[in-house]
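Heads up, the sequence shown is in numbering that gives the first Met the number 0, so the first residue is 0 and it goes up one at a time. Notes to accompany the following structure.
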Amino acid sequence: MTRLHERIQTPLTLEETFAYVADFANSQEWDPGVASAERLDDGPVGVGARYRLGVRLGRRVAPMEYRITAYEPPHRVVLKGEGSGVTAIDDIRFEGDGTGTRIEYIADIQLGGLLRLIQPFLGRSFRKLAENAVGGMQQQLDDRASRAGDVGS
0 MTRLHERIQT PLTLEETFAY VADFANSQEW DPGVASAERL DDGPVGVGAR YRLGVRLGRR
60 VAPMEYRITA YEPPHRVVLK GEGSGVTAID DIRFEGDGTG TRIEYIADIQ LGGLLRLIQP
120 FLGRSFRKLA ENAVGGMQQQ LDDRASRAGD VGS
């Protein structure tokens, strides 16, 4: 298993940050590793909500299905993704700090089958993907805060 751990800060309010990030249909807007993202069911975002993502793996796009397994607005969302020999648990935590929101993003990635044999050699690649994802998240959240003229939680 590979564990990735990133932290960012945004001036967007806690509630707006949580609502945007917890809805994984938005992940295509901030994660350059996601080619497509769609919600598979109706209703409010919460435990059980399902998403289909097209995840870029090298030169191909592989389908992954994500499901929200824990939903604690506006402080935490956990999603489990499965597909193409990969299982991922994304645990995203949010904390208001008086000037905006701090986000802690922890992703545990487990490759299956023969891919397990090469997982120890992919740490640097996984870290780069995580840095790009949270960098894109940071940019999108900051842009949303600028457009709204919003500072503080």
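Cβ atoms here follow ideal geometry from the backbone N, Cα and C, with glycine treated the same way.
Inter-segment contact for the region 52 to 62 and the region 23 to 34 is present: three or more beta-carbon pairs are separated by less than 8 Å. Residue environment for D30: buried (at least 16 other C-beta atoms within 10 angstroms of its C-beta). Listed as beta-bridge partners of K127 by DSSP are no residues whatsoever. In summary, T98 is exposed, with fewer than 16 beta-carbon neighbours lying within 10 Å of its beta-carbon over all protein chains present. Here DSSP, grouped into helix, strand and coil, assigns G112 to helix. Within the same chain, D30, P31, G32 come within 8 Å of N131 by CB-CB distance, once the 5 residues on both sides are set aside.
Taken atom to atom, the span from the alpha-carbon of Q137 to that of V76 is near 17 Å. Judged by DSSP secondary structure, F17 falls within the alpha helix (DSSP H) whose first and last residues are 13 to 21.
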